[in-house]
Amino acid sequence: MVEFAEARDWGPYHTPKNLAVALSVEAAELVEIFQWLTPEQSAAVMEDDGTAHRVRDEVADVLAYLLQFCAVVGVDPLAALSDKIDRNESRFPRR
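The numbering of the sequence shown is the UniProt record's numbering, which starts it at 1 and goes up by one.
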């Protein structure tokens, strides 16, 4: 994603604030797909080709902005996830 953005001179626009806002917008677009679905409909969303395509597109957009945000602010996303899982293991012990 960094290469893609650099090749298009998007650096000046890819501030942490702008990327966080864009990430939020893309996440909202993913939520919009599920907004009025019943739990049963939402569980079957990938069975419809058109809706599945929209879900994959929005997931890709969310991931792209998250990875670009991490690159700009210097966060290793896999290390951050691992650290968070470790903290959650302590907060929410197994039953």
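Where is the CB? At the ideal position from N, CA and C, for every residue including glycine. Fair warning: this is a prediction, and the values are worked out from it, not measured in the lab.
- Rounded to the nearest whole angstrom, the C-alpha separation of R8 and M1 is 11 Å.
- It is roughly 15 Å from the alpha-carbon of K17 to the alpha-carbon of A27.
- Between I33 and V25 the beta-carbon gap is near 14 Å, outside 8 Å, which marks them as no contact.
- DSSP places R8 in the coil class of the three-state scheme, outside both helix and strand.
- Taking all protein chains in view, the Cβ of L81 is surrounded by fewer than 16 other Cβ atoms within 10 Å, so the residue is classified as exposed.
- Taking a contact as a CB-CB distance under 8 Å, the pair H14 and A20 does not count as one, their CB atoms being some 11 Å apart.
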